[in-house]
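Below is one structure; the comments refer to it alone.
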Amino acid sequence: MIKAILIFNNHGKPRLSKFYEHYNEDTEQQIIRETFHLVSKRDENVCNFLEGGMLIGGSDYKLIYRHYATLYFVFCVDSSESELGILDLIQVFVETLDKCFENVCELDLIFHVDKVHNILAEMVMGGMVLETNMNEIITQVDAQNKMEKSEFFPFFSFSLSLYRRLSFSLPGRTGRHRPVLQERPLVPYQL
Amino acid sequence: MSDVVEKTLTALPSLLSLDSHPGSAKLSSTSKLGNLIRGITELTSKHEEEKLIQHELLAIKEQVSSPNTTMRQMKELMVRSIYCEMLGYEASFSYIHAIKLAQQGTVLEKRVGYLAVSLFLNESHELLLLLVNTVLKDLQSTNLIEVCMALTVVSQMFPKDMIPAILPLVEEKLNHPKEIIRRKAVLALYKFYLIAPNQVQHIHNKFRKALCDKDPGVMTASLHIYLQMIQENPEAYKDLTPSFVTILKQVVGGKLPMDFNYHTVPAPWLQIQLLRILSLLGKNDQSTSEVMYEVLDESLQRAEMNHNITYAILYECVKCIYTIHPKSDLLEKAAKCIGNFVLSPKINLKYLGLKALTYVVQQDPKLALQHQMTIIECLDHPDLIIKRETLELLFRITNGQNVTVIVEKMLEFLCISEDDHTTIDLVGKVAELAEKYPLKYNEWFIETMNTVFSLGGDMMQPDIPNSFLKLLSEGFDSVEEDRKLRLFAVNSYIPLLRGEPGKLPQRFLQVISWVLGEYSHLREDLEPAEVLSLLAKLLDMKNSSSETKSWVLMAMTKLCKGGADASVTQEVSETYSSSLDTVLRQRAHELQYLSQDPELRARVLPRGAKPETLEVDSSLSFLDRFVSEALAAGAAPYKPPHQRQEELDQSKALSLEPYGLSLPISMSSCSITDRQSPTLLSMSSGLSGDTLKLDGIKRVWGREGYLAQREPVEEAAQVEVPSPIQSPGRQGEGDSLHSQTPTQTPTPEPEQEKQQLASSLFVGLASQSSVSLMGKSEPMPQRFRRKAKGQGLGSSFIANEQISSSLISPPSAVDNLLCNNLLDSNNASELAEQTSQLSQSLTTANGTCHAEAELTESDTKGCNPALRRDNCVVAAGPGPHNDPGRLTEVCLDSYLPAELSGLSHSEIAPLCANQSLNLSACHVQKEDSLILVVFIMNSSESAIQQIPAGEVTSYSVAVGQYSLTVKRPAVHVEVVGTVSYQLPAGTSQSLQFSYKVPLTSFIRPFVVSTEEYGTMWLSFSHDTKQNLTLINDNQEPLTATLNALKKKLQLHVVEVIGMEGIVACRLLQDLPCLMHCRVNAGWLAVWLRSPVPDLPDCLIYHCQRALQSL
């Protein structure tokens, strides 16, 4: 089972936190801090799995993370999940975000926390993996968004497009998804 | 860039004010979110952020509570609250508004509302109850999105006690035409299963249906449930193995639609899940394993190495192959796979390869040998995680010869590790290894332990210092060795104390002071006065805890001899005899008196004495008389703390814990699904054998008080026996093996070092591997040896086997247990204890007939019935039926006591028999009691003495009557008893029996008025709710159902008003239970209340059964 999903940037600012097990507010913050501390000091060429950490990483749990541009995506899972399976699930998640937001960047996650949560809810439900097929997830999210579309302002998206300098370089892209993304220069945006 | 942003953002409101578009409100608040985020960006300190957010929260609070705020604005406010909460600031005022938004908003607003609720609240939050109605409404909605949202929030969190309210609706969704709804419903039910397994027991066949769903997505979702349930009880799902195999075969064969492919791999996550399930099913089960060999082989072949995800499948495959009953050619392929993992340049794969190696190394140590060079490289890997995993692997292959090298590596790692969890874990492992092999390397052992103590600090498990001291004090076989070891310890501690003892952890200081107190006399050149002053220095240190101080004082007590040392001790004892800490004060007084009285001290603390083994009467039988006198004087029987606590809790709060109310019809399947069943079942095997013998338990008291029991002495001896003889041979083998590795030939300098390391690390493995190549059965003797030593790894395997064998223990035992009480794993012990008590009471009550022996519950926390028996035993004279061997049940009927013969009684069931006695029993329902009638039939030629009834002559029947009452209800009440009797030959024997009575037999109508009912309803604290099926015949359904219940369960219908009815009953003698029924959407919503815990749950179970059987 997945215990928690955390997204934070290179400076440890949380961008999304979803806990599938109850912790109190302070513990949650502590977990985020500790996780960031653990993950951020790891080099690029080490493995994507982490054990240890008193709070969430104890005994049966482990952290599985990926680092994209300015963001860390961290899944905390117990032993009933496959490590590599989750690693690819993170990839699916990010690719899905990328499709939904058209070249996703950190700001999308900040301003549309609710949307990101909705996408996540179609993938993982109550700690269990619900759907792993990107197209299926997008179909579900789109079905819900149909109503919302009409409410969007044209210049609202315009103003945001100013921010859109930062894009994810998605590592390990192979197969049919490759052409979707182009490498863009990374502009570190500090928030 | 930020200028542009700023301009845009500040421009937005002015733009909006000109615009009369309805979306303006939304935008302005979005820009408020923008403002907030921008504001946070500009801040430099945490303090400023706090101030800003508090300000923001105040603004939100004001707006949220204003009546003019529209739902649309509310939605934006919620997003802002979510943002603040994510940053760690509490916005509890918005929780109620989130619920309101979910309740009242349009679909989109609802979605934000639900999201906010699921982020803000948790399962036990009281506000969540307010969401129940909204969820109910949305589940019934025709809008699919609303249904989806409701299911999502339900699977994230839902109050446990409200599950029955929505369960039928969620179940209904399993038949929904849309697959996404079915899929979410399955996951929601899985969540229910996790938090309240008893609630969903009756829908197991629906899970099976979901497994067979035509949509693969729904089937995938159902695998979550099966993985969990099979983990808990693999035996129950063996029959599904072929189905899982078929599914996997189809998936691997590419039979699924292309949509399910991920990077051209068909449904990889599904494959992983299936492989995990298969490995659970095939564990220790040859026939089941054989079913899956083919498909495992196929998945191994199909998974071509081209993408991450195929490695994930391969890894699961390999693990599965090594878990199930072994097959040699599969193992070979799997071993190759592991090799590929370990050798892979990709670091993630290396990690998994090491994990796999660790997993299989016990069965196949040869594999570790093959990869020894890689393992050595991994030891020096820059990634700490890889390093740790390698150490874990090495820990598993440690033996007497390589232990020093491996421990050294571990200590090296400990020095650089910063993670507390890792440190604790590793320190424990080092200590375990060091204690396992202490004899040969005295100095090494002490030095290692010193490092462990100083590195592990005060975080380490407290049993490490304990067992170290025990090892030291008990010593080994050779007196000389012991002396050396102790002397070495003393020698190593003195410089530490002379140095900077302030830096040492408290635990280490305690160990040091104990050792010095006991053994410093071994070092002849050391004056006790010096040791005393060193110890006294510890007392003056600021950071010494009072626990450490008391250890130090104790050590000083042992050392002081009067004379020159007197001044130091005198001073110390004076200082601490007025300490506020009572323990310290006690120690100080001891020190004072014993230092002045050397004779007394020599008697109390004899020097160099072996720790004595004290026999402890753990049953405290010497207190029996005292207890029985107290009981006779009216004292309440003893309840263990956990039971008291539980009762306290139950009396304080509503019992939200669901009890086994909706048990499935067949009891055997129930045994399988109950989450506690593994323990239950293993207990049942214990029952059939003779566990629970508490005699023979010894505890060892050392001079320092209680020391945990372990057997390191034998352990050490056993381990060491083979090594000295075989050591040279092994060394050779290790060498020859590594010389086969291709990297060998002309070796550069560092390479040689590595090889040296390799040979020292992997020494001893080769000989092992030649014994136990692959099979699981071969290493058994080794495992048994390990078990005898109480070692963890091997013995856990055996424990597993025991459990699995107990799973197929006679079904009767299982049934009894389950019927008696499904919820409590302590059951078996209770049963057994009750048995013994009953037999006592039967024998003692022999003379005095009307003594009312009340059997109090033994230390139960479950709902065991207590018996009260009017011991009026009626001895039937030698009856007219003197025909031996043909005393049938029909005949027994006539033995029923006259006053009972008019009443209805259950079938007379045979209980048990031996060559001389036949026991049968039935129960008779009297108006105010339930009588258990036991027929004791002498089927032998001779008379039998001392049956409770007195003497039973040959071929006659004695009848005993016992009135039963229930103290704590259970679905079925089990009476256990023993008949003790004496044959004429003088041999006394006993016969045990058990008899099961459904709770319904204890239920009687309870006549109350509606007013009385009302006052009672409010005062009862235990309740449960459930929906029952209505009977739909031509009558009005409510009355029909109530009448049926009345007839079946002897309830009293108090009043029926419209669609509601109130019913009352009592459990003998006078424990009331009230029932409130309401017809609601084709169901009968039943609410039961009672002052007795568990009674509502048990009763509702019987109501369900009663209605089902109609």
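Taken in order, these protein sequences are the chains called A and B.
For the record, in the first sequence the residue sitting at position 44 is 44 according to the numbering used here, with numbers rising by one throughout.
For the record, in the second sequence the residue sitting at position 960 is 960 according to the numbering used here, with numbers rising by one throughout.
Glycine residues also receive a C-beta, built at the ideal position from the N, C-alpha and C atoms.
Computed from a prediction, not measured in an experiment: that's the story for all the values here.
To which residues of the same chain is residue 1072 of chain B closer than 6 Å at the C-beta, ignoring the five residues directly before and after it?
1006 and 1066
Distance cutoff 8 Å, beta carbons only. Does residue 123 of chain A sit that close to anything in chain B?
no
Along the beta strand (DSSP E) that carries residue 8 of chain A, what are the first and last residues, could you check?
2-9
Are the region 506-526 of chain B and the region 440-458 of chain B touching by the rule of at least three beta carbon pairs closer than 8 Å?
yes
Within 8 Å, strictly: CB atoms of residue 455 of chain B and residue 490 of chain B
no
Using the Cα positions of residue 82 of chain A and residue 124 of chain A, report the straight-line distance between them to the nearest angstrom.
15 Å
Residues near residue 914 of chain B in its chain [Cβ-Cβ closer than 7 Å; skip 5 each side]:
991
Chain A contacts made by the region 298-321 of chain B, where a contact means CB separation under 8 Å
307, 308, 309, 311, 312, 315 and 316
Ordered along the chain, which non-local residues of its own chain (more than five positions away) have a Cβ less than 7 Å from that of residue 179 of chain B?
215, 217 and 218
Which residue or residues does DSSP assign as beta-bridge partners of residue 1108 of chain B?
The partner list for residue 1108 of chain B (beta bridge, DSSP) is empty, contrary to what the question assumes.
Which residue's Cα is closest to the Cα of residue 347 of chain B: B:378, B:1100, B:68 and B:289?
B:378
Within-8 Å CB hit, residue 90 of chain B to chain A
yes
Verify whether the separation of the beta carbon atoms of residue 206 of chain B and residue 171 of chain B is less than 8 Å.
yes
Out of A:25, A:86, A:36 and A:8, which has the shortest C-alpha to C-alpha gap to residue 64 of chain A?
A:86
Under the three-state reduction of DSSP, which class applies to residue 1074 of chain B: helix, strand or coil?
strand
Going by DSSP, which residues form a beta bridge with residue 925 of chain B?
B:930
Length at least 4, wholly inside the region 224-305 of chain B: the alpha helix (DSSP H) runs in chain order
241-252, 268-282 and 286-302
Whole angstroms is fine: what's the gap from residue 1049 of chain B's alpha carbon to residue 898 of chain B's?
26 Å
Any Cβ of chain A within less than 8 Å of the Cβ of residue 377 of chain B?
no
What does residue 129 of chain A touch in chain B if you count any residue whose Cβ is under 7 Å from its own?
269
Throw me the rounded Cβ distance for the residue 283 of chain B and residue 323 of chain B pair, which I believe falls under 8 Å.
5 Å
How many Å lie between residue 201 of chain B and residue 1097 of chain B at the Cα?
14 Å
Closer than 8 Å, Cβ to any Cβ of chain B: which residues of the region 65-82 of chain A, in chain order?
80 and 82
Take residue 1053 of chain B as the anchor and find which of B:625, B:1085 and B:1008 has the nearest alpha-carbon.
B:1008
Residues within the region 142-164 of chain B neighbouring chain A, beta-carbon criterion of under 7 Å:
145, 152, 155 and 156
8 Å Cβ cutoff met for residue 1111 of chain B and residue 111 of chain A:
The structure shown does not extend to residue 1111 of chain B, since chain B spans only 1 to 1110, so no value can be given for it.
Neighbourhood of residue 560 of chain B by C-beta distance below 6 Å, restricted to the same chain and skipping five residues each side:
569 and 595
If you draw a straight line from the alpha carbon of residue 963 of chain B to that of residue 1001 of chain B, how long is it in whole angstroms?
12 Å
Over the uninterrupted alpha helix (DSSP H) stretch that includes residue 192 of chain B, give me the two end residues.
179-195
Using the DSSP secondary-structure output, state which residues sit across from residue 935 of chain B in a beta bridge.
B:920 and B:959
Determine the contact status of residue 976 of chain B and residue 997 of chain B, defining contact as a CB-CB distance below 8 Å.
no
Using CA coordinates, which residue listed in A:108, A:107 and A:138 is at the minimum distance from residue 122 of chain A?
A:138
Distance, residue 5 of chain A Cα to residue 140 of chain A Cα
20 Å
Between residue 136 of chain A and residue 143 of chain A, what straight-line distance do the alpha-carbon atoms span, to the nearest angstrom?
11 Å
Residue 120 of chain A at chain B interface by Cβ criterion, 8 Å:
no
Can you list the alpha helix (DSSP H) stretches of 4 or more residues lying completely in the region 411-483 of chain B, in chain order?
420-436, 442-456 and 463-474
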